[in-house]
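In full-length UniProt numbering, the protein residues as written are 1 to 319.
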């Protein structure tokens, strides 16, 4: 039950057993004192339960794992080890970045000394940031993308390159669920060929990084599908800059000088933004055929600042 205690994080001394084993903060068992930050410790235990899908105390587990905090805490210091204790039932539902940040927040809540734990206000703010990481991109199922492209019909293919096909699909404007052809929002669905990318965790981490980028010249990356490695982003209906510049049909009006300047300025703004981002993203193959036009827009292939090659698309647009 809730207990009204002193303001300002002061301790409350009690001789009654008030904490539940596995959740109670260490200072309570050591001194019989409770603090506002003792609640933060208990919250950290619950976070750990949610990350792992394991109960705080379980005598059915091996002896060294009876107490979840004592056993699992060491796994929260390493991204590789963290994956081994994450709840397998939700492994396709979170980004590595979000899981890592949640683990680091859990560690802070489980600090042995109350003064080193964050306030619940700070905990809330951090959780909202983690939620934003997750909600920025939708995780599509393969069945959803199959439906959106009418079973990946050939007449929905709008582009093909060395890395895979790009399909045109239809999704509901609000829910991003598949709808009948001619209804809803038109999207581009990029399929990446097997073997064209690194490990799934590295790829997913990079995808979420791109998804968190926000700039007026960046097209919104809507989501991804791990099964087959698909990216879903806004559809650019006017084709590539290469097509607009070099098409032979004389019935089309050529791009005006002002439009060409706007394209160049928009591209320069987006590149400058990416070069200044925390990952110092660089392009590998910047050319006119990788510039897609809307009113007007572009996308291109990227490599990270350490030189590792990635086969995913970062789409851009400018207003």
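Glycine is no exception: its CB is placed at the ideal position from the N, C-alpha and C atoms.
Rank the options by C-alpha distance to the C-alpha of residue i and give the top, closest one.
{"i": "residue 50", "options": "114, 185, 90, 147", "result": "90"}
{"i": "residue 211", "options": "231, 244, 239", "result": "231"}
{"i": "residue 103", "options": "115, 222, 84", "result": "84"}
{"i": "residue 69", "options": "62, 241, 146, 107", "result": "107"}
{"i": "residue 171", "options": "55, 223, 77", "result": "223"}
{"i": "residue 100", "options": "253, 24, 290, 47", "result": "47"}
{"i": "residue 217", "options": "270, 146, 235", "result": "270"}
{"i": "residue 187", "options": "157, 257, 258, 213", "result": "157"}
{"i": "residue 80", "options": "96, 66, 71", "result": "96"}
{"i": "residue 183", "options": "71, 258, 168", "result": "168"}
{"i": "residue 220", "options": "294, 33, 56, 24", "result": "294"}
{"i": "residue 235", "options": "132, 58, 252, 291", "result": "291"}
{"i": "residue 275", "options": "173, 213, 146", "result": "213"}
{"i": "residue 193", "options": "180, 137, 173, 160", "result": "160"}
Give the secondary structure of residue i by DSSP, where H, G and I count as helix, E and B as strand, and everything else as coil.
{"i": "residue 159", "result": "strand"}
{"i": "residue 272", "result": "helix"}
{"i": "residue 90", "result": "helix"}
{"i": "residue 311", "result": "Confidence at residue 311 is low in this model, with a pLDDT of 34, below 50, so its placement is unreliable and the value that follows should be read with caution. Here residue 311 sits in strand by DSSP."}
{"i": "residue 27", "result": "helix"}
{"i": "residue 56", "result": "coil"}
{"i": "residue 185", "result": "strand"}
{"i": "residue 50", "result": "helix"}
{"i": "residue 287", "result": "coil"}
{"i": "residue 253", "result": "coil"}
{"i": "residue 281", "result": "coil"}
{"i": "residue 67", "result": "strand"}
{"i": "residue 325", "result": "What is shown of the chain runs 1 to 319, which leaves residue 325 out entirely."}
{"i": "residue 211", "result": "helix"}
{"i": "residue 80", "result": "helix"}
{"i": "residue 266", "result": "helix"}
{"i": "residue 241", "result": "helix"}
Assuming residue i and residue j form a contact by the criterion Cβ under 8 Å, report the distance between their Cβ atoms to the nearest whole angstrom.
{"i": "residue 225", "j": "residue 152", "result": "Rounded, the Cβ-Cβ distance is 12 Å, inconsistent with contact."}
{"i": "residue 53", "j": "residue 87", "result": "3 Å"}
{"i": "residue 177", "j": "residue 144", "result": "7 Å"}
{"i": "residue 123", "j": "residue 109", "result": "7 Å"}
{"i": "residue 286", "j": "residue 228", "result": "Not a contact, Cβ separation roughly 27 Å."}
{"i": "residue 255", "j": "residue 244", "result": "5 Å"}
{"i": "residue 288", "j": "residue 242", "result": "4 Å"}
Check: For the 8 Å Cβ check, are there 3 or more pairs between the segment 119–137 and the segment 35–43?
Finding: yes
Item checked: Residue ranges of each alpha helix (DSSP H) within the segment 102–183, 4 or longer -> 120–136, 142–148
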